[in-house]
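Numbering (the working numbering), first residue to last: 80 to 433. Beta carbons: idealized from backbone N, C-alpha and C, even for Gly. A short write-up of the structure that comes next.
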Amino acid sequence: MKIFDGHNDILHKITSSVNPLDSQAFLVKGTGQMDYPRALQGEFCGGFFAVYTSNPPEVPTAEERMVLSDKGYHIPLPPPLPFDYAHNSTHTMIELMKKIEQDSLGGLKITTSIAEIQECIESNVIAAVLHLEGAEPILPNLDNLLDFYRLGVRSLGITWSRPNAFGHGVPFVYPGHPDSGPGLTPPGKDLVKACNRTGILIDLAHLNEKGFWDVAQLTSAPLVSTHTAAHKLVPKARNLTDDQLRAVGESGGVVGVIFSVNDLDGERRPKEDAPIAVIIKHIEYIADLIGADHVAFGSDFDGTKIPSQLGDISRFQLLVELLEKAGFSALEREKICRKNWLRVLGDTLRDEVY
Ligand SMILES: [Zn+2]
Numbered sequence: 080m081k082i083f084d085g086h087n088d089i090l091h092k093i094t095s096s097v098n099p100l101d102s103q104a105f106l107v108k109g110t111g112q113m114d115y116p117r118a119l120q121g122e123f124c125g126g127f128f129a130v131y132t133s134n135p136p137e138v139p140t141a142e143e144r145m146v147l148s149d150k151g152y153h154i155p156l157p158p159p160l161p162f163d164y165a166h167n168s169t170h171t172m173i174e175l176m177k178k179i180e181q182d183s184l185g186g187l188k189i190t191t192s193i194a195e196i197q198e199c200i201e202s203n204v205i206a207a208v209l210h211l212e213g214a215e216p217i218l219p220n221l222d223n224l225l226d227f228y229r230l231g232v233r234s235l236g237i238t239w240s241r242p243n244a245f246g247h248g249v250p251f252v253y254p255g256h257p258d259s260g261p262g263l264t265p266p267g268k269d270l271v272k273a274c275n276r277t278g279i280l281i282d283l284a285h286l287n288e289k290g291f292w293d294v295a296q297l298t299s300a301p302l303v304s305t306h307t308a309a310h311k312l313v314p315k316a317r318n319l320t321d322d323q324l325r326a327v328g329e330s331g332g333v334v335g336v337i338f339s340v341n342d343l344d345g346e347r348r349p350k351e352d353a354p355i356a357v358i359i360k361h362i363e364y365i366a367d368l369i370g371a372d373h374v375a376f377g378s379d380f381d382g383t384k385i386p387s388q389l390g391d392i393s394r395f396q397l398l399v400e401l402l403e404k405a406g407f408s409a410l411e412r413e414k415i416c417r418k419n420w421l422r423v424l425g426d427t428l429r430d431e432v433y
């Protein structure tokens with residue numbers, strides 16, 4: 080069964096390597112959790128490809144910043160990214176995406192409308208949706224938002240887990256709550272409206288709770304979180320509470336369930352592994368609460384530690400089998416695997432090109 084996935088970090092993985100524009104590291108053989116040949120094996124038909132800028136080298140690593148207590152751990156938010164740093168890194172990743180598209184000789188396309196996405200899926204071309212994971216490369220007056228739109232960006236997370244000119248991200252804390260700071264700034268509110276006007280999907284993964292509710296109030300599009308899990312099952316700050324999940328469902332939106340072992344199976348210390356069944360557990364929980372129309376996959380391949388039983392994208396179909404065993408009907412499996420993402424993208428993207 081063809082799968083459209085809510086999140087991967089392959090662009091960041093390759094641009095962080097010695098050869099930042101090495102399209103072959105995706106098209107031929109990668110060293111991580113996904114590449115083109117293994118994506119085909121797993122029946123991956125497309126998904127959101129994240130443009131994620133990591134912290135500059137002078138910022139201590141997450142491990143170095145982690146504060147341990149008897150109850151759990153807390154990784155304080157890193158400082159805001161310098162604009163030029165984020166801007167350069169973003170352009171390198173978009174250049175890599177374009178090089179992958181070109182060198183794939185028709186195997187992958189950067190898609191900018193629902194018609195293009197559907198056409199690609201029908202003709203077995205991987206449909207890539209360019210996603211900015213954090214609005215740092217966008218000027219607070221939004222003057223360059225359309226430049227990114229013209230480069231193909233159709234999805235945008237207002238923040239990663241850090242503050243920026245538009246809002247405040249949610250830190251990695253266990254146990255913790257998403258209500259971790261102030262809501263959107265005035266430019267953040269303008270950005271929501273500009274994304275609605277332009278037809279750019281707004282992603283709530285990594286945004287704190289006040290920011291989440293600000294978007295919920297302002298947006299005219301369905302609410303979307305591309306890669307998160309359920310707070311009720313694992314009380315990590317980054318996971319969505321039942322109230323947030325219900326808001327996503329009521330808006331006609333979707334939650335992509337992340338495969339990160341620490342979000343799905345959190346404990347007082349970060350873990351190395353978890354059984355594959357935890358992915359299904361979160362999908363079942365969300366489907367029971369808000370319906371199978373509002374849950375999908377949001378793997379985070381090449382961006383996180385995933386269950387070793389899954390290993391990589393080539394075994395994606397294992398999850399389809401587990402969904403069947405869990406009692407999801409053929410129609411529900413199709414929705415979770417692909418159709419929910421396509422519905423939300425259809426409701427959000429515009430046909431006209433600016
Ligand atoms: Zn992420």
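Check                                                                                                   : Outcome
Proximal residues to Lys-108 (C-beta, below 8 Å), its chain only, five neighbours per side dropped      : Asp-114 and Pro-116
Spatially closest choice to Asp-372 from Ile-385, Glu-411, Leu-389 and Ser-387, by CA coordinates       : Glu-411
Separation of Glu-363 from Lys-404, as counted between CA atoms                                         : 12 Å
Cα-Cα separation between Val-130 and Ser-408, rounded to whole angstroms                                : 34 Å
Cβ shell of His-285 (< 8 Å), same chain only, five flanking positions each side left out                : Glu-212, Gly-213, Gly-236, Thr-238, Trp-239, Ser-240, Gly-248, Val-249 and Arg-317
Expected contact under 8 Å - CB spacing of Ser-304 and Leu-283 to nearest Å                             : 5 Å
Three-state secondary structure (DSSP) of Lys-188                                                       : strand
Supposed close pair Leu-205, Ala-273 - CB separation, criterion 8 Å                                     : The sequence as given places Ile at residue 205; Leu does not occur at that position. Incorrect: roughly 29 Å between the Cβ atoms, too far for contact.
Delimiting residues of the beta strand (DSSP E) encompassing Phe-245                                    : Where Phe-245 is concerned, there is no enclosing beta strand (DSSP E), given that its DSSP letter is neither H nor E.
Which of helix, strand or coil DSSP assigns to Asn-223                                                  : coil
Touch test, the region 374-383 against the region 81-92, Cβ-Cβ under 8 Å, three pairs minimum           : yes
The region 218-226 in contact with the region 136-145 per 3-pair CB rule at 8 Å                         : no
Inter-stretch contact (C-beta, 8 Å, three-pair minimum) for the region 253-269 and the region 157-168   : no
Under the three-state DSSP convention, the category Val-204 falls into                                  : coil
DSSP-derived helix/strand/coil call for Val-327                                                         : helix
Around ligand 1, Cβ to any heavy atom closer than 7 Å, ordered along the chain                          : His-86, Ala-129, Tyr-131, Glu-212, Trp-239, Ala-284, His-285, His-306, Asp-379 and Gly-382
Entirely enclosed beta strand (DSSP E) segments - the region 272-323, minimum 3 residues                : 280-282 and 303-307
Three-state secondary structure (DSSP) of Tyr-152                                                       : strand
Straight-line Cα distance separating Arg-417 from Glu-122                                               : 11 Å
Whole runs of the alpha helix (DSSP H) within the region 330-354, excluding any shorter than 4 residues : 340-343
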